[in-house]
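Okay, so the sequence shown: first residue is 2 according to the working numbering, each after it adds one.
Built from N, CA and C at the ideal position, the CB exists for glycine as well.
Okay, so here's the structure we're looking at.
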Amino acid sequence: MFGPVLGPDYSTSILLVQRLMDGAIPGCPRLWFGAVDVRDVADLHIRAMTDPAAKGERFLAVSGDFMTMLDMAKALKAGLGPAAAKVPTRELPDFMVRLVALFDPAAKQLLPELGKRKNGSNAKARRLLGWSPLSREESLVATARSMMELRLLKT
Numbered sequence: 002m003f004g005p006v007l008g009p010d011y012s013t014s015i016l017l018v019q020r021l022m023d024g025a026i027p028g029c030p031r032l033w034f035g036a037v038d039v040r041d042v043a044d045l046h047i048r049a050m051t052d053p054a055a056k057g058e059r060f061l062a063v064s065g066d067f068m069t070m071l072d073m074a075k076a077l078k079a080g081l082g083p084a085a086a087k088v089p090t091r092e093l094p095d096f097m098v099r100l101v102a103l104f105d106p107a108a109k110q111l112l113p114e115l116g117k118r119k120n121g122s123n124a125k126a127r128r129l130l131g132w133s134p135l136s137r138e139e140s141l142v143a144t145a146r147s148m149m150e151l152r153l154l155k156t
């Protein structure tokens with residue numbers, strides 16, 4: 002879940018954006034993520050609570066196809082230009098991530114998901130509830146912009 006942050010206490014997904022923006026990640030492992038803006042999740046919840054068509058249903062809150070970490074990095078670069086100068090735009094080979102995982106517990110946690118392509122669809126929420134989320138890219142850029150405004154990124 003992405004979108005504007007309110008302060009320095011944020012989720013792991015926001016930490017990923019922060020690490021990309023700060024250049025703390027040397028490259029992008031082959032990982033796939035579902036992306037959605039927090040404002041769209043709130044909108045979907047309200048629609049699901051108030052629309053009779055939602056009774057007994059479940060909805061997947063994603064803005065579109067899942068995106069790779071490399072897709073995320075490219076979206077930040079495209080949306081923020083020079084402000085995203087430290088964002089890496091090369092994909093790390095799996096063997097390199099496995100090697101780093103021998104010494105880095107954070108990298109080790111990625112191994113079970115490495116290279117596993119995932120996807121999901123918001124078609125049901127669009128069809129039944131008329132839900133229309135922001136693009137994945139807009140949400141990522143809004144996340145980074147809010148972090149810059151709150152001075153939560155390294156300068």
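- Cβ neighbours of K87 within its own chain (closer than 7 Å, five residues either side excluded): M22, D23 and G24.
- When rounded, the separation of the alpha-carbon atoms in F34 and M68 is 5 Å.
- Secondary structure remark: continuous alpha helix (DSSP H) runs of at least 4 residues inside the stretch 48-87, in chain order: 70-81.
- In the DSSP assignment, P94 falls outside any alpha helix (DSSP H), carrying neither H nor E.
- Shown here, D23 sits in a helix according to DSSP, grouped into three states.
- Annotation: R31 is outside any alpha helix (DSSP H) and is labelled neither H nor E by DSSP.
- Around the CB of M148, 16 or more other CB atoms lie within 10 Å, so the residue is classed as buried.
- A direct Cα-to-Cα measurement between R48 and N123 gives close to 14 Å.
- CA-CA distance, L151 to S12, rounds to 16 Å.
- Residue ranges of uninterrupted alpha helix (DSSP H) with 4 or more members, entirely inside the stretch 100-153 and ordered along the chain, are 106-111, 124-130 and 137-150.
- Comparing C-alpha distances from R91 to each of Q19, G28, F3 and V6 shows the shortest one belongs to G28.
- Here P134 is not near D10, since their CB atoms are 9 Å or more apart.
- Straight across, the Cα-Cα distance linking A74 with G8 is about 22 Å.
- Inter-residue distance for L17 and A54 is about 35 Å (C-alpha atoms, whole angstroms).
- The shortest C-alpha to C-alpha distance from G116 to any of E58, M70 and P5 is the one to M70.
- Inter-residue distance for L61 and T51 is about 17 Å (C-alpha atoms, whole angstroms).
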